[in-house]
Amino acid sequence: MGDEPLLRVRNLSVEYHGADSADTAVRAVSDVSFDVHPGESIALIGESGCGKTTLALALLQLLPKLGRIPEGTVEFRTRDGEMVDLLALSDSRMRQFRWSEIAMVFQGAMNSFNPVLRIWDQMVDTVRAHEPRASTRSIRERSEHVLREVELDPARVLKAYPHELSGGMRQRVLIAMALLLEPQLLLLDEPTTALDILTQRRIVDLIYELHGRLDFAMIFVSHDLAVAAELASRVATMYGGEMVEVGDVREIFYRPQHPYTKKLIGAVPTVTEDRDPSQEARTDG
Ligand SMILES: Nc1ncnc2c1ncn2[C@@H]1O[C@H](COP(=O)(O)OP(=O)(O)OP(=O)(O)O)[C@@H](O)[C@H]1O
Ligand SMILES: [Mg+2]
11 MGDEPLLRVR NLSVEYHGAD SADTAVRAVS DVSFDVHPGE SIALIGESGC
61 GKTTLALALL QLLPKLGRIP EGTVEFRTRD GEMVDLLALS DSRMRQFRWS
111 EIAMVFQGAM NSFNPVLRIW DQMVDTVRAH EPRASTRSIR ERSEHVLREV
161 ELDPARVLKA YPHELSGGMR QRVLIAMALL LEPQLLLLDE PTTALDILTQ
211 RRIVDLIYEL HGRLDFAMIF VSHDLAVAAE LASRVATMYG GEMVEVGDVR
261 EIFYRPQHPY TKKLIGAVPT VTEDRDPSQE ARTDG
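Residue numbering for the sequence shown follows the working numbering, beginning at 11 and increasing consecutively.
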């Protein structure tokens, strides 16, 4: 892990403006600052609507039309060691950045696919958007490689349409596609929601294994504190658009400082079975 952060976010705010007038803005992310170091894994937790997805979309400049960034900076260190201000990049430069430097697995797997294209064609599109001259053969080899990484049979999956695959398989394909261009940072927005519990377990194990073996940092959005504790070295809690607490995973789970983090953890007895953080917090003062 380097000393220099890979991603440096400072005072980032995001607003959604009303379609009719600009003064009905809702602040979905408010004054958020944090760093991500190379290879690090951060869990972003917090209740529904607290701004997790909005923050992830803002980092990639993928906010919906009515989303604005009134203030803040998002700097990212490229492979060449250059610190780039993502918010100042042109659209075309940002498109180069997505997938190759930062890739995202979105909430809701089905929406991320083009339903009328076979998986193979989606792989081709993804690679060619970045490397227009990539040969079919090299794309084939790389696609097969990433599909094997996520324990799928390339022969079967590449010729399938998205609807022909199970939810768990689709989620694996999305993870494979995210790895296709070997990004430095992977954003995963609730990659296991909407899957049955056993499939969830397998995807979490897979992400754990890939993160241990491959060289990427990740920001992992989850409602599930047990999953966050397993996958992350640091945890960031969001509440009402603010990042109210960031810290080492053990610190956060055993000594949560913010009342909202305490409440979240108190609601999941299994995570803290051997110690009761609410008791501890009380004796600590
Ligand atoms: N396209 C949009 N237009 C207007 N407001 C939006 C839009 N998307 C999100 N919001 C608002 O921004 C806030 C943050 O939403 P966001 O989806 O980022 O939360 P989240 O933490 O990802 O929630 P969840 O856990 O349910 O996915 C919410 O108040 C939401 O209503
Ligand atoms: Mg969300």
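No residue lacks a Cβ here, since even glycine has one placed at the ideal position from N, Cα and C.
Taking 9 Å as the cut-off, the beta carbon of SER232 is found no closer than this to the beta carbon of THR209. Contact between GLY61 and MET248 is confirmed by a C-beta separation of about 6 Å, below the 8 Å threshold. Short of 8 Å from the beta carbon of VAL167, and not among the five residues preceding or following it, lie these beta carbons of its own chain, in chain order: ILE129, LEU157, LEU175, MET179, VAL183.
Residues close to ligand 2 by the beta carbon criterion (under 7 Å to any non-hydrogen atom) are, from first to last along the chain, LYS62, THR63, GLN117, ASP199, GLU200, VAL231. With a threshold of 8 Å, the Cβ atom of PRO80 does not count as near ligand 1, since no heavy atom of the ligand is closer than that.
Measuring C-alpha to C-alpha distances from ALA227 to each of GLY250, MET253, LEU198 identifies LEU198 as the nearest. Residue state for ARG152 is assigned as helix, using DSSP reduced to three classes. At least one heavy atom of ligand 1 lies closer than 8 Å to the C-beta of HIS233.
Distances between the C-beta of GLY59 and the heavy atoms of ligand 1 include at least one below 8 Å. At least one heavy atom of ligand 1 falls within 8 Å of the beta-carbon of TYR26. Counting the other Cβ atoms within 10 Å of the Cβ of PRO193 gives 16 or more, which makes it buried. Closest in C-alpha terms to GLY257, from the list ILE112, ASP234, ALA66, SER43, comes SER43. When only Cα atoms are considered, VAL39 and ALA238 end up about 21 Å apart. The continuous stretches of beta strand (DSSP E) do not include GLU161, and DSSP gives it neither H nor E. Remark: C-beta atoms of LEU196 and ALA113 approach each other more closely than 9 Å. Between ligand 1 and the CB of MET104, the shortest heavy atom gap is not smaller than 8 Å.
Distance between ARG212 and GLY222, taken at the CA atoms: about 15 Å. Assigned with DSSP and collapsed to three states, TYR218 falls in helix.
With 16 or more other Cβ atoms from the protein chains shown falling within 10 Å of its own Cβ, GLN181 counts as buried. Beta-bridge analysis with DSSP links ILE52 to ILE229, ARG244.
The alpha helix (DSSP H) runs of length 4 or more contained entirely in the segment 49-120 are, from start to end of the chain, 62-69, 101-110.
With respect to the C-alpha of ALA53, the residue from PRO269, ILE275, GLU240 having the closest C-alpha is GLU240. Within the same chain, LEU197, ASP199 come within 6 Å of ALA66 by CB-CB distance, once the 5 residues on both sides are set aside. When DSSP states are grouped into helix, strand and coil, TYR26 belongs to the strand group. Short of 7 Å from the beta carbon of HIS173, and not among the five residues preceding or following it, lie these beta carbons of its own chain, in chain order: PRO125. By the CB criterion at 9 Å, HIS27 and LEU76 fall inside the cutoff. Looking only at PHE123, THR146, VAL134, THR64, the smallest Cα-Cα distance to GLY250 is reached by THR64.
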